[in-house]
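So in the numbering used here, the last one in the sequence shown is 169, and the numbering has no gaps at all. Step one of this worksheet: look at the structure below.
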Amino acid sequence: MEFNCLPPTTIFQEVPNEISLCFSITGCKVGCKGCHSTELWNENYGSSLTNQTFISWLNKYQNLISCVLFFGGEWQPNQLIEKLLIAKNFGLKTCLYSGEKHIDISITQHLDFLKTGAWQPTLGGLESPDTNQVFRNVKTGEKLNHLFQKHHSTHLLKGVNNVAA
């Protein structure tokens, strides 16, 4: 069984330093309170993302993107893994945004980046220093939340000034 998704969009902020083609997969089981995309909870919403359709999208955006991002899909691991392998064969980086706290190794071994953690309005998203969400480089294990926070560039400048002083 294929999973459904919304038409993909090109995005620039969700994966730092990458131009991503984002596939929002429907059928999310997490159902975060305050979710901005509740239409993604309905697995019948959107259209079927077959491997052939996925390849067509990648061909269309070839040389324009550097990463493929999935908002969800971990609830159908075999389908997601197939798409991740296809993306890798196109020479693209891969990322998964999940509201789950842990993702199975069978999926993560095919990812370059992973965002985990349910949206909690009181804690905020990746831009918040108080967030429960974690954005990680899967290959190095490095937590990259600081790249989403506004003060990041200020700290870099302060560090440069301190070195120069």
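For every residue, glycine included, the Cβ atom is placed at its ideal position computed from N, Cα and C.
{"Item": "Three-state class that DSSP yields for Leu44 in the structure shown", "Value": "helix"}
{"Item": "Residue burial classification, Glu22 (beta-carbon count within 10 angstroms, cutoff 16)", "Value": "buried"}
{"Item": "Rounded distance between the beta-carbons of Cys36 and Gly103, thought under 8 angstroms", "Value": "5 angstroms"}
{"Item": "Length of the line joining the Cα atoms of Phe75 and Thr30", "Value": "9 angstroms"}
{"Item": "Lys162 classed as buried or exposed, judged by whether at least 16 other C-beta atoms fall within 10 angstroms", "Value": "Note on Lys162: pLDDT 44, under 50, position unreliable in the model; the coordinate value appears next. Under this definition Lys162 is an exposed residue."}
{"Item": "Secondary structure of Leu151, DSSP reduced to three states", "Value": "helix"}
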